[in-house]
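**Q** Structure incoming, see below.
Protein chains in written order, with our numbering: chain P, 103 to 342; chain E, 5 to 301.
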């Protein structure tokens, strides 16, 4: 569904991505793990055209989307839940969700999708008139995910959705991710919580210094000795 | 008592005028974090547009006003496209310098094209007519009524736009976060263009009313009202629309009423705005309605 070929990105003089290739299959969950600064976020930012690649190509459903304006990429069904949530703090919860559906015109379907999001996240319904800036971190993450779902994405990309959240909330988030995937939405997940991410994922990619250093099935990578020592360490399993 | 009433209505009209233009400054600042120095020159050009459409091409005043609005908006949008849009990802200081450059460019361009000899703003007898109420003591200029009603209608429409339309919500989103707005599929250049259309339109309205009160047009005519309206926006808390309106009204009231109560100060009327600015910056730097600013530059 999403295919990246030999993608490079330069920030100033620094090469953040040095020829990344990866593939996300339809209706599957893929995860990208790796240390800070390995280039995971940059990869997602390049897919959504927030940074312009200096080389390589990105295909979505067979179409070359490299260098397309962000809004056209969003219109094709790719959404990004950015790192640090980035809800609009000065807008109400409802207005945030409304902007998620910004490019859609099917108003009757949109109102059904509000119900779907509120069903997934009942807390958001209670707080729909509240300014998003007044929500707790976990609620903001739910809003960010809900907002992304309002776009009716084919591919949802999440950048560190569990960052800075309490273990119980993290468990909820991972549960929601598999639920979303069960609805037929393809997921590309970046996680520092490699253990939980690999358990969930069909495919895993390991990034190191702007390159993919290893890839394989989620469960296989989980068993890999090298990965266990480098990324899993004594991480507590919170995905159950 | 009757003079007091008349002065009060004058003050209110001036305040509404300041408020309208201040809202333009405030909105542009809210979205680009840019103090749009070029707006004084846009104000000045707007007055020339009115002069040419009414005094030279003999349009009736209401068509003249429409032509003036259209041309001013066009000018504002062109400035944004040419001088600001290419600097979208540049540091804020570059944008500010670009705005100052545009201001000087337009001012000198106007001197070349229109010459420095002052022109007089067209007379509009309908608006300048004084309505006499009661036993002839209460007098009010039609312009005052026109200004106050325009202000209320325009600001109500603007608030409705921002609160209840998709584009309005998108505008508020873009003013907080360019990147995430793009991720929603919002075309931020279109949103910014709309902001400049609103800002320039309000500036044209302000220039029109200013011209009727102070009917002399020269290439530097925009400097004083432009600066005062910017001060009004700062006093209200820049980026905040209701604050800008309130700041404008406060400025208008102070300016006119102080001179009324202390006629000896009439030569100093232009400095009140600056004294208020200094006091606000000393005691409440974020303005009356200003939120805490977190600088993300």
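Just so you know, even glycine gets a beta-carbon here, dropped at the ideal spot from N, CA and C.
What does DSSP give as the partner residue(s) for residue 136 of chain P in the beta ladder?
**A** Against the first chain, residue 136 of chain P aligns to sequence position 34. DSSP output for residue 136 of chain P lists P/309 as bridge partner(s).
**Q** Starting from the N-terminal side, write out each stretch of the beta strand (DSSP E) that is 3 residues or longer and does not extend beyond the region 119-197 of chain E.
**A** Taking only runs of at least 3 residues, the beta strand (DSSP E) segments lying wholly in the region 119-197 of chain E are 134-137 and 142-145.
**Q** Contact criterion: CB-CB distance below 8 Å. Does residue 121 of chain P meet it with respect to chain E?
**A** Numbered from 1 along the first chain, position 19 holds the residue referred to as residue 121 of chain P. No, no contact with chain E.
**Q** Pick out the complete beta strand (DSSP E) segments inside the region 103-128 of chain P, 3 residues or longer, and give them in chain order.
**A** As far as the region 103-128 of chain P is concerned, its whole beta strand (DSSP E) runs of at least 3 residues are 104-113 and 116-126.
**Q** Determine whether the Cβ of residue 173 of chain P lies closer than 8 Å to any Cβ atom of chain E.
**A** Here residue 173 of chain P refers to the residue found at position 71 of the first chain. It does; some Cβ of chain E falls within 8 Å.
**Q** Is the separation between the beta-carbon of residue 191 of chain E and that of residue 89 of chain E shorter than 8 Å?
**A** To locate residue 191 of chain E, count along the second chain from 1; it is residue 187. To locate residue 89 of chain E, count along the second chain from 1; it is residue 85. Their beta carbons are not under 8 Å apart, which means residue 191 of chain E does not touch residue 89 of chain E by this criterion.
**Q** What residues of chain P sit near residue 92 of chain E, judged by a beta carbon separation below 8 Å?
**A** Stepping through the second chain from its first residue, residue 92 of chain E is reached at position 88. Those do not exist, as residue 92 of chain E stays about 13 Å from chain P at its closest Cβ, beyond 8 Å.
**Q** Below 8 Å between beta carbons: does that hold for residue 255 of chain P and residue 287 of chain P?
**A** Sequence index remark: in the first chain, residue 255 of chain P carries index 153 (1-based). Sequence index remark: in the first chain, residue 287 of chain P carries index 185 (1-based). Result yes, Cβ atoms of residue 255 of chain P and residue 287 of chain P sit closer than 8 Å.
**Q** What is the rounded straight-line gap between the Cα of residue 109 of chain P and the Cα of residue 271 of chain P?
**A** Stepping through the first chain from its first residue, residue 109 of chain P is reached at position 7. Stepping through the first chain from its first residue, residue 271 of chain P is reached at position 169. Computed Cα separation, rounded: 34 Å.
**Q** Could you give the uninterrupted runs of the beta strand (DSSP E) lying entirely in the region 254-307 of chain P, keeping only those of 3 residues or more?
**A** List check, beta strand (DSSP E) in window: 257-261 and 288-292.
**Q** Please classify residue 209 of chain P: does DSSP put it in a helix, a strand, or coil?
**A** Walking along the first chain from the start, residue 209 of chain P turns up at place 107. Residue 209 of chain P: helix per DSSP, three-state reduction.
**Q** Please classify residue 78 of chain E as buried or exposed, where buried requires at least 16 other C-beta atoms within 10 Å of its C-beta.
**A** Against the second chain, residue 78 of chain E aligns to sequence position 74. Its Cβ having fewer than 16 others within 10 Å, residue 78 of chain E is exposed.
**Q** Run through chain P and tell me which residues come within less than 8 Å of residue 51 of chain E, C-beta to C-beta.
**A** Start at 1 with the first residue of the second chain, and residue 51 of chain E comes out as number 47. Ordered by position in chain P, no residue passes the 8 Å Cβ test against residue 51 of chain E, which lies about 35 Å from the chain.
**Q** What distance in whole Å lies between the Cβ atoms of residue 247 of chain E and residue 293 of chain E, which are believed to be in contact at a cut-off of 8 Å?
**A** For the purposes of this step, residue 293 of chain E is taken as the residue at position 289 of the second chain. For the purposes of this step, residue 247 of chain E is taken as the residue at position 243 of the second chain. Yes, they are in contact, since the Cβ atoms of residue 293 of chain E and residue 247 of chain E sit about 3 Å apart, within 8 Å.
**Q** In three-state DSSP terms, what is residue 337 of chain P?
**A** Within the first chain, the letter at position 235 stands for residue 337 of chain P. Because residue 337 of chain P carries a pLDDT of 47, less than 50, the predicted location of this residue cannot be relied on, and no value is offered for it.
**Q** With DSSP as the reference, label residue 316 of chain P as helix, strand or coil.
**A** Taking the first residue of the first chain as position 1, residue 316 of chain P is located at position 214. Note: residue 316 of chain P maps to strand in three-state DSSP.
**Q** Going along chain P in order, which residues have a C-beta closer than 8 Å to the C-beta of residue 70 of chain E?
**A** The sequence position of residue 70 of chain E within the second chain is 66, counting from 1. None at all; the shortest Cβ gap to chain P is about 32 Å.
**Q** Hey, does residue 169 of chain P have any beta-carbon neighbour from chain E nearer than 8 Å?
**A** For the purposes of this step, residue 169 of chain P is taken as the residue at position 67 of the first chain. No, because no Cβ of chain E sits closer than 8 Å to the Cβ of residue 169 of chain P.
**Q** Could you check if residue 261 of chain P is buried or exposed, using at least 16 other CB atoms within 10 Å of its CB as the buried criterion?
**A** For the purposes of this step, residue 261 of chain P is identified with residue 159 of the first chain, where counting begins at 1. With 16 or more other Cβ atoms within 10 Å, it is buried.
**Q** Between the region 185-208 of chain P and chain E, which residues of the former have a C-beta closer than 7 Å to a C-beta of the latter?
**A** Within the region 185-208 of chain P, the qualifying residues are 188, 190, 191, 192, 193, 197, 200, 201, 202, 204 and 205.
**Q** Kindly list, in the order they appear in chain C, the residues whose Cβ is closer than 7 Å to that of residue 191 of chain E.
**A** Protein chains P and E are contained in the structure displayed, whereas chain C is not.
**Q** Grab me the residues of residue 132 of chain E's own chain with a C-beta within less than 8 Å of its C-beta, minus the 5 sequence neighbours each way, in chain order.
**A** Here residue 132 of chain E is taken as the residue at index 128 of the second chain, counted from 1. Result list for residue 132 of chain E: 145, 146, 147 and 216, in chain order.
**Q** Quick check: is the beta carbon of residue 234 of chain P nearer than 8 Å to any beta carbon in chain E?
**A** As a first step, residue 234 of chain P is located in the first chain; it is residue number 132 there, counting from the start. Not closer than 8 Å to any Cβ of chain E, the Cβ of residue 234 of chain P fails to qualify, so no.
**Q** Is the CB of residue 265 of chain P under 8 Å away from at least one CB in chain E?
**A** Position 163 of the first chain, counted from the first residue, corresponds to residue 265 of chain P. It does not: the Cβ of residue 265 of chain P has no partner Cβ on chain E nearer than 8 Å.
**Q** Beta carbon of residue 143 of chain E, beta carbon of residue 10 of chain E: below 8 Å?
**A** What you label residue 143 of chain E is simply residue 139 of the second chain in a count that begins at 1. What you label residue 10 of chain E is simply residue 6 of the second chain in a count that begins at 1. Closer than 8 Å, so yes.
**Q** Measuring CB atoms only, is the region 169-181 of chain E touching the region 196-203 of chain P, in the sense that at least three cross pairs come out at less than 8 Å?
**A** Enough Cβ pairs lie closer than 8 Å, so yes.
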